[in-house]
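*Asks:*
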Amino acid sequence: MNQSYNSVLLDTAVAELAKLPGIGHKTALRLALHLLRKEPETAMALGNAIIEMRKGVSYCPVCHNISEGGLCGICGDSHRDTRTVCVVENVKDVITIERTHEHHGLYHVLGGLISPLDGIAPSDLEIESLVSRVASGSVDEVILALSPTMEGDTTNFYIYRKLSDLPVKITVLARGVSIGNELEYTDELTLGRSILNRTPFVEND
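In structure tokens:
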């Protein structure tokens with residue numbers, strides 16, 4: 018529903034802010050009015066930061082994590098264990114797991130989870146590129162670190178079946194992570210222990 022705040026420019030700003038996840042029209046209006054009360058430089062700095070981020074941040078060609086050109090900082094780190102790959106749903110999960118300081122390998126960001134109800138098929142995700150990484154012989158262990166939801170378990174099983182004929186160890190997080198919880202909302206201690214105590218994947222998990 019369009020709302021008018023007696024300013025076309027304010028209306029436009031509020032409409033754009035309201036497109037952000039978790040931001041309704043009331044919050045968008047509050048943010049826009051807050052920026053109006055600040056010095057013009059504050060809004061300019063925010064706008065420029067967003068523009069520069071959008072122009073300069075891309076995705077790593079190997080793991081699909083965010084990158085500022087070429088390999089991401091994790092793939093390019095010579096101190097990481099390149100033989101262990103942790104599979105996650107999205108970039109937020111990379112950040113969450115990195116905060117635990119318990120995973121020292123690489124990542125593979127799928128870009129979502131299989132969800133027929135939402136129209137997300139395996140072909141919409143970075144699964145084939147994961148299979149190619151493993152098939153190249155450069156990976157000894159794949160850790161399936163997906164949220165313990167129906168969609169996460171479905172995606173785990175699909176990936177397991179795709180990798181089952183390849184010489185790689187497949188593990189999952191220990192079930193210290195509550196069933197139905199998204200990974201980003203799990204506390205760091207629990208998540209860290211779940212990584213350390215990961216278990217081999219079995220088809221009836």
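Residue numbers (the numbering used here): 18 to 222. Virtual Cβ for every residue (Gly too), placed ideally from N, Cα, C.
#1: Report the partner residues of K186 according to the DSSP bridge assignment.
#2: Buried or exposed: where does I196 fall if 16 or more other Cβ atoms within 10 Å of its Cβ makes it buried?
#3: Name the two residues that bound the continuous beta strand (DSSP E) containing R215.
#4: Just how far apart, CA to CA, sit D182 and V156?
#5: Go to T101, then tell me how far its beta strand (DSSP E) extends in each direction, as first and last residue.
#6: Express the C-alpha separation of K179 and V111 in angstroms, rounding to a whole number.
#7: Note down the Cα distance separating V102 from Y76, rounded to an integer number of angstroms.
#8: Where do the N-terminal and C-terminal ends of the beta strand (DSSP E) with L123 fall, by residue?
#9: Kindly list the residues whose CB is nearer than 6 Å to the CB of T172, restricted to its own chain and excluding five residues on each side of it in sequence; keep chain order.
#10: Can you list, in chain order, the residues of its chain with a C-beta nearer than 6 Å to that of F143? Leave out the 5 residues immediately preceding and following it.
*Replies:* So, from the data block:
#1: By 1-based counting over the sequence shown, the position of residue 186 is 169. E158, per the DSSP bridge assignment.
#2: Here residue 196 corresponds to residue number 179 of the sequence shown, with the count starting at 1. With a pLDDT of only 46 at I196, under the threshold of 50, the placement of this residue in the model should not be trusted; the figure read from the coordinates follows. Under this definition I196 is an exposed residue.
#3: Walking along the sequence shown from the start, residue 215 turns up at place 198. First-last for R215: undefined, no H or E at that position.
#4: Indexing the sequence shown from 1 puts residue 182 at position 165. Indexing the sequence shown from 1 puts residue 156 at position 139. Between D182 and V156, the C-alpha separation is close to 14 Å.
#5: Walking along the sequence shown from the start, residue 101 turns up at place 84. D98 to V105 is the span of the beta strand (DSSP E), which, as asked, contains T101.
#6: Within the sequence shown, numbered from 1, the residue matching residue 111 stands at position 94. Within the sequence shown, numbered from 1, the residue matching residue 179 stands at position 162. Cα to Cα, V111 sits roughly 23 Å from K179.
#7: Locating residue 102 in the sequence shown gives position 85, counting from the first residue. Locating residue 76 in the sequence shown gives position 59, counting from the first residue. Rounded to whole angstroms, V102 to Y76 spans 17 Å at the Cα level.
#8: Along the sequence shown, read from residue 1 onward, the residue named residue 123 stands at position 106. G122 to V126 is the span of the beta strand (DSSP E), which, as asked, contains L123.
#9: Counting from one through the sequence shown, the residue named residue 172 turns up at place 155. Result list for T172: L130, I131 and L163, in chain order.
#10: Locating residue 143 in the sequence shown gives position 126, where the first residue counts as 1. Per the sequence presented here, residue 143 reads as Glu, with Phe not at that position. For E143, where only same-chain residues beyond five positions count, the Cβ hits under 6 Å are H81, L127 and G128.
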